[in-house]
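J.:
Next up, the structure:
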């Protein structure tokens, strides 16, 4: 029964627990068994408290369902505060850090009945210096970052859903590399209180799961925004956009994404010319905001920062006020232009990664195809199903206008269903 339990989606697990077909203790025990079996190789977790998780599961079983996630296990990225577990933000500076309280998103998940299994690996301060996590599809490849552990744990069936964060491409990229769904909601829809700030105008939390409906359920528990409520006007219309970075994708990626757009008979959309500079603007804003957010760590503990991080922060500290103002002005201009981009279609299908996950754990890959949409704040959903020339997962993403998260999720459901049928 253990293997069957590990296959359950969040939605199915919650329903089974609610109907008394499965206990939370059984499900949590199965997940802990999988972690014990596999995590020496995958290394997705920084902290797992099996005793506390089993105690919480038994408490769920002893009470009536308290919410839509009653008894369902989750993983929490180690950038997000938890009062009952260490939170190190991927840095030795915080190796002994124990937050006084849960992050707002964790409080809401617990209130909905979720059982926190532990903390998943993040890159150093959710930037680019990788942790030890390997891709469960191929242990020689990166799982992506910065939500490395969350993506790997979900893909390896250690947990049905886990929280990630995105400041450039840290949900969408690892979801694509690991062959699962990942949801970056509209900026500001989910609360970021108790999440270590890296780029405050960019930082967004979101779930990673193996089923698109699990993204919607988990995000809805954490949100107060109407953006997640589905519209009543049927499936959203989808168009295809290459984006101005298209030629930087591997040829196999361009061919796979183009073939998918052809299969779905999607019309092509050309993005406004001012979108050409959005990636560079996102880099400037992210570097400058990271330098400010991590200023104390940079000044007080430079010896505990990786060389890679110090270089990023040095670059950010060198960005002038005029340069930063121009980058933010471009972002504002392009957000206004989104109305014309989505004038005739509700959702765009666009690339999510350059190619398959790179071999080696020295890099988490390039967030190139995510940066623009993160800067604009639009909702994005990574969709699994495409494969690269070496057989590794190769995702694609859909993006929607601000506060039309439900449209992005609905489109991901349609595209994901098509890809699943193609694979069978």
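In the numbering used here, the protein residues as written are 698 to 1121. Don't be surprised by glycine CBs; every beta carbon is placed ideally from N, CA and C. Since this is a predicted model, take the numbers as computed values, not measurements.
1) Are the segment 813-821 and the segment 845-852 touching, with three or more C-beta to C-beta distances below 8 Å?
2) Tell me the rounded alpha-carbon separation between residue 943 and residue 735.
3) Just tell me which of 826, 767, 1026 has its CA closest to the CA of residue 787.
4) Taking the CB atoms as reference points, tell me whether residue 1090 and residue 834 lie closer together than 8 Å.
5) Would you call the CB atoms of residue 783 and residue 725 closer than 8 Å?
6) For residue 878, which residues in the same chain have their Cβ closer than 8 Å to its Cβ, ignoring the five residues on either side in sequence?
7) Less than 8 Å between C-beta atoms, sequence neighbours within five positions excluded: which residues of the same chain meet that for residue 1032?
8) When the Cα of residue 1085 is compared with those of 1004, 953, 1059, which residue comes out closest?
9) Rank 1001, 1060, 1059, 1103 by C-alpha distance to the C-alpha of residue 1076 and give the top, closest one.
10) Let's see if you can read the secondary structure: which residues bound the alpha helix (DSSP H) around residue 945?
11) Kindly say whether residue 735, judged by its beta-carbon, lies nearer than 8 Å to any beta-carbon of chain C.
12) Just how far apart, CA to CA, sit residue 1088 and residue 963?
13) Just to confirm the assignment, what range does the alpha helix (DSSP H) spanning residue 905 have?
14) Assess contact between the segment 981-996 and the segment 887-906, defined as three or more Cβ pairs (one per stretch) separated by less than 8 Å. Is contact present?
15) Please state if the CB of residue 830 and the CB of residue 849 are separated by a distance shorter than 8 Å.
16) In the DSSP assignment, find the alpha helix (DSSP H) that holds residue 1115 and state where it starts and stops.
17) Between residue 757 and residue 765, what straight-line distance do the alpha-carbon atoms span, to the nearest angstrom?
18) So, does the segment 963-974 touch the segment 1027-1045, judging by three or more C-beta pairs under 8 Å?
19) In three-state DSSP terms, what is residue 733?
20) Which value, in whole angstroms, describes the spacing of the CA atoms of residue 729 and residue 747?
21) Between 789, 722, 1107, which lies nearest to residue 997 when the distance is taken from Cα to Cα?
22) How far does the alpha helix (DSSP H) with residue 1010 in it extend, from its first residue to its last?
23) Give the list of continuous beta strand (DSSP E) stretches no shorter than 3 residues that lie fully inside the segment 752-803.
24) Sorted by chain position, which residues of the same chain lie with C-beta nearer than 6 Å to residue 994's C-beta, five sequence neighbours on each side aside?
25) DSSP three-state label for residue 740, please.
26) Using the three-state DSSP reduction, which class does residue 960 fall into: helix, strand or coil?
27) Can you give me the C-alpha to C-alpha distance between residue 974 and residue 1069, rounded to a whole angstrom?
28) Whose C-alpha, out of 1097, 749, 866, 1021, is nearest the C-alpha of residue 1062?
29) What residues match up with residue 714 in a beta bridge as DSSP calls it?
30) Given residue 821, which residues of its chain have a CB within under 7 Å of its CB, disregarding the five upstream and five downstream residues?
31) Taking the continuous beta strand (DSSP E) assigned at residue 880, which residues delimit it?
32) Is it buried or exposed, residue 959, if we count other Cβ atoms within 10 angstroms and call 16 or more buried?
33) Ordered along the chain, which non-local residues of its own chain (more than five positions away) have a Cβ less than 6 Å from that of residue 740?
34) Quick check: what's the CA-CA separation for residue 925 versus residue 1000?
35) Rounded to whole angstroms, what's the CA-CA distance from residue 773 to residue 870? Just pull it up for me.
36) Out of curiosity, what's the CA-to-CA distance linking residue 858 and residue 707?
T.: The structure says:
1) At 8 Å Cβ cutoff, the stretches touch.
2) To locate residue 943, count along the chain shown from 1; it is residue 246. To locate residue 735, count along the chain shown from 1; it is residue 38. Approximately 37 Å between the Cα atoms of the pair.
3) The residue labelled residue 787 in the question sits at position 90 within the chain shown. Comparing Cα positions, the closest option is 826.
4) To locate residue 1090, count along the chain shown from 1; it is residue 393. To locate residue 834, count along the chain shown from 1; it is residue 137. Cβ distance < 8 Å, so residue 1090 and residue 834 count as in contact.
5) Reading the chain shown from its first residue, position 86 is the one you call residue 783. Reading the chain shown from its first residue, position 28 is the one you call residue 725. At a Cβ-Cβ threshold of 8 Å, residue 783 and residue 725 do not count as neighbours.
6) Within the chain shown, numbered from 1, the residue matching residue 878 stands at position 181. Counting only Cβ-Cβ distances below 8 Å, and skipping sequence neighbours, we find 872, 905, 906, 907, 908, 909, 911, 912, 1078, 1079, 1080, 1081, 1109, 1113.
7) As a working mapping, residue 1032 is identified with position 335 in the chain shown. Scanning its chain for C-beta atoms nearer than 8 Å, with the 5 sequence neighbours on each side dropped, one finds around residue 1032 the residues 1073, 1074, 1099, in chain order.
8) Taking the first residue of the chain shown as 1, we reach residue 1085 at position 388. Check the Cα spacing between residue 1085 and each of 1004, 953, 1059: the tightest is with 953.
9) Here residue 1076 is taken as the residue at index 379 of the chain shown, counted from 1. That would be 1103, whose Cα lies nearest to the Cα of residue 1076.
10) Here residue 945 refers to the residue found at position 248 when the chain shown is read from its first residue. From DSSP, residue 945 is part of no alpha helix (DSSP H); its letter is neither H nor E.
11) The chain labelled as chain C is not found in the depicted structure, where only one protein chain is given.
12) For the purposes of this step, residue 1088 is taken as the residue at position 391 of the chain shown. For the purposes of this step, residue 963 is taken as the residue at position 266 of the chain shown. Whole-angstrom Cα-Cα distance: 25 Å.
13) As a working mapping, residue 905 is identified with position 208 in the chain shown. For residue 905, no alpha helix (DSSP H) run applies; the uninterrupted beta strand (DSSP E) run containing it begins and ends at 901-906, by DSSP.
14) With the rule of 3 Cβ pairs closer than 8 Å, the segment 981-996 counts as touching the segment 887-906.
15) Numbered from 1 along the chain shown, position 152 holds the residue referred to as residue 849. Numbered from 1 along the chain shown, position 133 holds the residue referred to as residue 830. Yes, Cβ-Cβ distance for residue 849 and residue 830 is below 8 Å.
16) Your numbering for residue 1115 matches position 418 in the chain shown. In this chain, the alpha helix (DSSP H) harbouring residue 1115 covers 1102-1120.
17) Within the chain shown, the letter at position 60 stands for residue 757. Within the chain shown, the letter at position 68 stands for residue 765. Distance between the alpha carbons of residue 757 and residue 765: 12 Å.
18) Contact holds: three or more Cβ-Cβ distances are below 8 Å.
19) The count along the chain shown starts at 1 and reaches residue 733 at position 36. In this structure, residue 733 counts as helix in the three-state DSSP scheme.
20) Position 32 of the chain shown holds residue 729. Position 50 of the chain shown holds residue 747. Cα to Cα, the separation comes out at about 7 Å.
21) Indexing the chain shown from 1 puts residue 997 at position 300. The shortest C-alpha separation from residue 997 is found at 789.
22) As a position in the chain shown, residue 1010 is number 313, starting the count at 1. Per DSSP, residue 1010 belongs to the alpha helix (DSSP H) from 1004-1014.
23) Complete beta strand (DSSP E) runs here, min 3: 770-774.
24) Against the chain shown, residue 994 aligns to sequence position 297. So the list reads 790, once near-sequence residues are dropped.
25) For the purposes of this step, residue 740 is identified with residue 43 of the chain shown, where counting begins at 1. Of the three classes helix, strand and coil, the one that applies to residue 740 here is coil, per DSSP.
26) As a first step, residue 960 must be located in the chain shown, where it is residue number 263. In the structure shown, residue 960 sits in a helix (DSSP, three-state: H, G or I).
27) For the purposes of this step, residue 974 is taken as residue 277 along the chain shown, with counting starting at 1. For the purposes of this step, residue 1069 is taken as residue 372 along the chain shown, with counting starting at 1. So the two alpha carbons sit approximately 9 Å from each other.
28) Position 365 of the chain shown, counted from the start, is the residue given in the question as residue 1062. Residue 866 holds the alpha-carbon nearest to the alpha-carbon of residue 1062 among 1097, 749, 866, 1021.
29) By 1-based counting over the chain shown, the position of residue 714 is 17. None; residue 714 has no bridge partner.
30) Taking the chain shown and counting its residues from 1, one reaches residue 821 at position 124. The beta carbon of residue 821 sits closer than 7 Å to those of 787, 788, 1003, 1006, all from its chain and outside the five residues before and after it, given in chain order.
31) To locate residue 880, count along the chain shown from 1; it is residue 183. Element bounds for residue 880: 878-881.
32) Translated into the one-based positions of the chain shown, residue 959 becomes position 262. Exposed, by the Cβ-count rule.
33) For this step, residue 740 is matched to residue 43 along the chain shown. Shown here for residue 740: same chain residues with a beta carbon closer than 6 Å to its own, the five before and five after excluded, namely 829, 830 in chain order.
34) Position 228 of the chain shown, counted from the start, is the residue given in the question as residue 925. Position 303 of the chain shown, counted from the start, is the residue given in the question as residue 1000. Straight across, the Cα-Cα distance linking residue 925 with residue 1000 is about 43 Å.
35) As a first step, residue 773 is located in the chain shown; it is residue number 76 there, counting from the start. As a first step, residue 870 is located in the chain shown; it is residue number 173 there, counting from the start. Between residue 773 and residue 870, the C-alpha separation is close to 18 Å.
36) Here the question's residue 858 lines up with position 161 in the chain shown. Here the question's residue 707 lines up with position 10 in the chain shown. Whole-angstrom Cα-Cα distance: 7 Å.
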